[in-house]
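Visitor: The structure follows.
Numbering (full-length UniProt numbering), first residue to last: 1 to 151.
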């Protein structure tokens, strides 16, 4: 639950409005242990705590945060929404998640997610950060689906 709250700090969630992912996201979060910023990347110091189950491989291997690691976390958030709040990787502890994700394991398609929605979230989990979509590309993919569902 604590890890979900850390991620949800970056999200605005209400009952009457859709989930909104805030611009700052996890890559700009203030860290109690100093790190340094290079362009669009934040590199944290060893010993920094972070939500493993929402983190991209470059975060748990190299402590590198970027807008692309935020995209990974957004994909996990999408999975949580379409699984009605299930814990990602609920059968694994953090060390097992690191191994599984490093081996290419990804979350399954939630029952409420269409194939199209799952393809969008799955694209957020590409091993290589540069192969993940940008938030602008995600919006361009999601917006038509939202328009399609309007009464």
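Beta carbons are placed, not taken as given, at the ideal position from N, Cα and C, and that holds for glycine.
None of the values given here were measured: they were computed from a predicted structure.
Spatial neighbours of residue 125 within its chain, please: C-beta separation below 7 Å, excluding the five flanking residues on both sides.
Guide: Cβ within range, chain order: 72, 75 and 106.
Visitor: Leaving out five residues on either side along the sequence, give the residues of the same chain with a beta carbon under 8 Å from the beta carbon of residue 148.
Guide: So the list is empty, once near-sequence residues are dropped.
Visitor: Tell me the rounded alpha-carbon separation between residue 67 and residue 139.
Guide: Taking the straight line joining both Cα atoms gives about 14 Å.
Visitor: Is it a yes or a no for the stretch 115–130 touching the stretch 54–70, going by three-plus beta-carbon pairs under 8 Å?
Guide: The stretch 115–130, when compared against the stretch 54–70, does touch it at the 8 Å Cβ threshold.
Visitor: Use the C-beta contact count for residue 77: other C-beta atoms within 10 angstroms, 16 or more gives buried, fewer gives exposed.
Guide: That one is buried.
Visitor: Out of 102, 133 and 89, which has the shortest C-alpha to C-alpha gap to residue 110?
Guide: That would be 89, whose Cα lies nearest to the Cα of residue 110.
Visitor: Rounded C-beta distance between residue 82 and residue 113? I'm assuming under 8 Å.
Guide: About 4 Å separates the two Cβ atoms, so the contact holds.
Visitor: What residues in its chain sit with their C-beta under 6 Å from that of residue 97, if we drop five residues either side in the sequence?
Guide: Correct list, in chain order: 52, 53 and 89.
Visitor: Using 10 angstroms around the beta-carbon of residue 95, count the other beta-carbons present and answer buried if the total reaches 16, otherwise exposed.
Guide: The residue is exposed, with fewer than 16 neighbouring Cβ atoms inside 10 Å.
Visitor: Can you tell me whether DSSP reads residue 50 as helix, strand or coil?
Guide: DSSP places residue 50 in coil when its eight states are reduced to three.
Visitor: Grouping DSSP H, G and I as helix and E and B as strand, with all else coil, what is residue 91?
Guide: Reduced to three states, the DSSP call for residue 91 is coil.
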